[in-house]
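Residues in the sequence shown are numbered from 1 upward in steps of one, following our numbering.
All C-beta atoms in this analysis are idealised placements derived from N, C-alpha and C, irrespective of residue type, glycine included.
Worksheet for the structure shown next.
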Amino acid sequence: MEKLSRIKKSILCKLYGIIWREQFILILLIILVWPVGVYQMWKQSRWNDIVKCIITLFCIIITIIKLQNLN
């Protein structure tokens, strides 16, 4: 069981190229804070839906780039 857990963790680290312990706070912020902000924008904002889509896509692209550059 422990070996399987190590294999899973190894695969995740290889996929993302992230040293999880060093980048834990940043990853936590991306996973928790960003979706809450986007949800609040969609729920509370009176902006046009096209503007909301553009902002959401921009944030997703920036997040993906940031996750790829965490090495």
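What number of angstroms, rounded off, separates the C-alpha of residue i from the C-alpha of residue j?
i: VAL36; j: ILE62; result: 16 Å
i: LEU57; j: SER45; result: 16 Å
i: ILE25; j: ILE50; result: 31 Å
i: VAL33; j: LYS43; result: 15 Å
Would the beta-carbon of residue i fall within 8 Å of that of residue j?
i: CYS53; j: VAL38; result: no
i: MET41; j: ILE64; result: no
Between the Cα of residue i and those of the options, spot the shortest distance and give me the residue it belongs to.
i: GLN68; options: SER10, ILE27, ILE7; result: ILE27
i: LYS66; options: SER5, SER10, ILE31; result: ILE31
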